[in-house]
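As they're listed, the protein sequences go chains A and B.
Counting along the first sequence from 1, when you hit position 143 you're at 143 in the numbering used here, and nothing is skipped either side.
Counting along the second sequence from 1, when you hit position 29 you're at 567 in the numbering used here, and nothing is skipped either side.
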Amino acid sequence: MIGAEAIIKCLESEDVKYVFGYPGVAICPFYNSILESDIKTILVRTEQSAAHAASGLARLTGKPGVCAVTSGPGATNIITGIATAYADSIPMVIITGQVKTDLIGSDVFQEADITGAVESFVKYSYLVKKAEDLPRIFKEAFYIAGSGRKGPVLIDIPIDVQNAQIKSFKYPESVNLRTYKPTVKGNASQIKKVIGKVRTANRPIMCIGGGVQLGDANAEVLKFAEDHNIPMVSTMMGIGTIPTDHPLYFGMVGNNGKPYANKAMNEADVIMMVGARVADRAISQPDLITKDKVLIHIDVDPAEIGKNAVSSIPLVGDCKAIFEDLNKEEFESDTSKWIKALDSYKKDLKIKRNPNKDYVDPESFIQTLTEALEDDAVYIADVGQNQIFSCAYAKIKKGKFLTSGGMGTMGYSIPAALGAKLADPKRQVVCVCGDGSFQMSMCELATFRQHGVLAKIIVFNNTYLGMVREYQHYSYKDNYSMVSLDGSPNLEKLVSAYDFDYLRLENAKGLKKTIEKFLADKNSALLEVMIDPLDLVK
Amino acid sequence: MKAKRIYSVTVENRSGVLSKVSGLFARRSFNIDSLAVGETDDPEVSSMTIVSSGDERTLEQIEKQLNKKLDVIKVKTFDEFQCVSRELMLMKVKYNKSNRNEIMEMCEVMKADIVDMSLHYMMIQICDTPEKIQLLINMFKSISIVEIARTGTLSLSKCIENDG
């Protein structure tokens, strides 16, 4: 058996179904050996998309997504995708081919020091020196990627290691890493302290971050909130953890969030941050949430606690395990007055938009779309105004809301939709992007077509890079620079070249019908939605 | 309030680990006042002594971020009074007839040794606390210093800490 065959055996042992990637000489032994396996290979059109697709798949399966690319430019091209996954703690294993071991360091054709380049974007990386190490390294990589605070792990494998003979293959049953033992169970005395504070709180609130879904703790967190009538808000990555119409849910916080969600955070006396980083986009002034308040910070990564805000009660551990423990404690709490106040804020502080009737209003479009979606649909938002509108107006029932929250990587949604649809083909998957982000990933329409994956892509066309235009509107007095998307292709012609159906909405007329037609289409389809170029998210 | 802290870090003795640790400091704008690395009695384990300074929150983050690195086995932190710290310095100076005796006297007082000598130059070795070494450098500023090499601080917690 050669190294490449051993890699495939490792992936089979980890029950990997798909590998996203792009070949080159340095990864050819791997892509040759995979032909003998049932693992399906998905050829994307640029390497960055391989990582986003693996991310989309990982968000649905909960297990590491896998991609494999070649050395040099293949490896450097995938870095943005890796950084995107790292920022959102998405489990992923990235295999990169590398030049021959004895040529490493001599700047030969397509050589790049990829383990060095990705150091600050990966949870861990390996440069494999001996083929015999492959089973141990893969076992460790999948374990590291998918446990604790999840994240990407890169394995760089020189071509001679892929071709080297190994005598026997045995996939290890367990890992033995003396340097890595993530905390699962929360400290019992800290849990008691948390209960003590929540029990006596007058205005408690839970802020749900992406860590709750990543930790598969939705049900446990919701039970705690419902049992004790604790209102909830969420960060961008936390959207969809709680059904958006839940009576205890008060929307997304942050400078792009709901004013009433922010007011709730400001007025609370006890804040439970759950699986959230207290990042600048969610909490612009960390001092405000610690001043005169009790901040309980629950996270699997101890380094996040105290990084941006000093917490009163730090609690390190896996969300699911911690909330299972919290749910064992019985106590009564009366928050009805507080919830009543929040309900009235929700009514009073609603953002009143003044939509331009000549165009489609993003608010009513997203509401109509998400009402028409199946209960467990996956809604993927790209980055830009489309993302902020989606966060504000998408109704998520039992489905999922995926987006690039931490890194804000444009072009994420289309390849992520590819991965999500492959992970669960029966589930409805739609992605919403802008005309800017669409053009960053439009090459991937061919990938959907080649592999027979149903695509449902919505493009908000406002002829601008809207988010930057809005920033220049407020900060540079409408002195626009580099934001006009003049020269964009005719999307109807473009998608017809890929055999996609094309639908278009100019204004509110036929909104519901067009959406229904788009969703019911058995063929891949793109719906172009004309948005007021001067529309603002706030 | 800025404070000094010493991190005694045991790491897996693998290629690239030093760059991962120093890269972490660069990437998060943590100071490195000094850094010393060497193998331990176990050839698979290296020991790093990093001296850093910053406010309390930064110093805590350094420890947490170090612990997060998968090649880091253990991080021990201590303030200056909790440990014994030593640094080794080699210093080459130019001498002449008139200051030769003065140099030798200073070395004697400072417990430094003259380890090499030529017609016009001598090399002084000192192994002491970082403060004493700085003092020696200051004393030699009036004499001509040619070049200096320092190891950076090495620290171990005081023995009494092991008594428990």
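For every residue, glycine included, the Cβ atom is placed at its ideal position computed from N, Cα and C.
Predicted, not measured: the structure shown is a model, and the values here were computed from it.
- Arg595 and Glu598: these are the residues of the region 583-598 of chain B whose beta carbon lies less than 9 Å from some beta carbon of chain A, given in chain order.
- Taken atom to atom, the span from the alpha-carbon of Glu111 of chain A to that of Lys150 of chain A is near 29 Å.
- Here Pro314 of chain A carries a strand assignment [DSSP, helix/strand/coil].
- In the assembly as shown, Ala83 of chain A is a buried residue. Its beta-carbon has 16 or more other beta-carbons within 10 Å.
- In this structure, Ser590 of chain B sits near Asn569 of chain B, with a CB-CB distance shorter than 7 Å.
- Looking at the DSSP output, Gly466 of chain A sits in no beta bridge, so it has no partner there.
- The beta-carbon separation of Ala131 of chain A and Ile94 of chain A, rounded to 19 Å, does not stay under the 8 Å limit for a contact.
- Contact of Leu556 of chain B with chain A is not assigned, every C-beta pair being separated by 7 Å or more.
- Against chain A, a Cβ distance below 8 Å from Gln603 of chain B picks out Ala303.
- Taking 7 Å as the cut-off, the Cβ atoms of Leu154 of chain A and Ala264 of chain A do not count as close.
- At a Cβ-Cβ threshold of 7 Å, Ser71 of chain A and Val99 of chain A count as neighbours.
- DSSP links Ala68 of chain A through a beta bridge to A:Gly21 and A:Ile95.
- Within chain A, Lys123, Tyr124, Ile144, Leu177, Thr179 and Tyr180 have C-beta atoms less than 8 Å from the C-beta of Leu608 of chain B, given in sequence order.
- The criterion of a C-beta distance shorter than 7 Å is satisfied by Asp325 of chain A and Gly186 of chain A.
- Within chain A, the C-beta atoms nearer than 9 Å to that of Gly561 of chain B come from Gly116, Glu119 and Ser120, in chain order.
- Annotation: the continuous alpha helix (DSSP H) that includes Gln603 of chain B extends over Glu594 to Lys606.
- At a beta-carbon threshold of 8 Å, the residues of chain A lying near Glu550 of chain B are Thr179, ordered along the chain.
- Using beta-carbon distances, Ile698 of chain B does not count as an interface residue toward chain A, since no partner is under 7 Å.
- When the alpha-carbon of Ser147 of chain A is set against those of A:Lys170, A:Arg203, A:Lys193 and A:Ile90, the nearest one is in A:Ile90.
- With contacts defined by Cβ atoms closer than 7 Å, Tyr393 of chain A and Gln367 of chain A form a contacting pair.
- Cα atoms of Lys400 of chain A and Gly240 of chain A: separation of roughly 5 Å, rounded to the nearest angstrom.
- One Cα belongs to Asp580 of chain B, the other to Asn551 of chain B, and the distance between them is close to 9 Å.
- Contact annotation, Cys391 of chain A with Met236 of chain A: C-beta distance approximately 6 Å; criterion of less than 8 Å satisfied.
- One finds nothing in chain A with a Cβ atom closer than 7 Å to the Cβ of Arg688 of chain B; even the nearest lies about 27 Å away.
- Per DSSP, Ile298 of chain A lies in no alpha helix (DSSP H); the unbroken beta strand (DSSP E) holding it starts and ends at Val294 to Asp299.
- Between Leu248 of chain A and Ala225 of chain A a beta carbon distance of about 5 Å is seen, short of the 8 Å cut, so the two are scored as contacting.
- One finds Arg595, Glu598, Gln599 and Lys602 in chain B with Cβ atoms closer than 8 Å to the Cβ of Gly306 of chain A, taken in chain order.
- One thing to note: Leu505 of chain A has its Cβ within 7 Å of the Cβ of Val529 of chain A.
- The residues Asp361, in chain order, have a CB closer than 6 Å to that of Pro355 of chain A in the same chain once the five nearest residues on each side in sequence are set aside.
- By the neighbour-count criterion, in which a residue is buried when 16 or more other Cβ atoms sit within 10 angstroms of its Cβ, Met206 of chain A is buried.
- In the three-state scheme derived from DSSP, where H, G and I count as helix and E and B as strand, Thr615 of chain B is classed as strand.
- Taking a beta-carbon distance threshold of 7 Å, Ile675 of chain B does not count as an interface residue toward chain A.
- DSSP places Lys542 of chain B in the strand class (E or B) of the three-state scheme.
- According to the DSSP assignment, Arg565 of chain B belongs to no beta strand (DSSP E) but to the alpha helix (DSSP H) extending over Val555 to Arg565.
- For Val161 of chain A, the uninterrupted alpha helix (DSSP H) run begins and ends at Ile159 to Asn163, by DSSP.
- Straight through space, the alpha carbons of Val118 of chain A and Tyr412 of chain A are spaced by roughly 19 Å.
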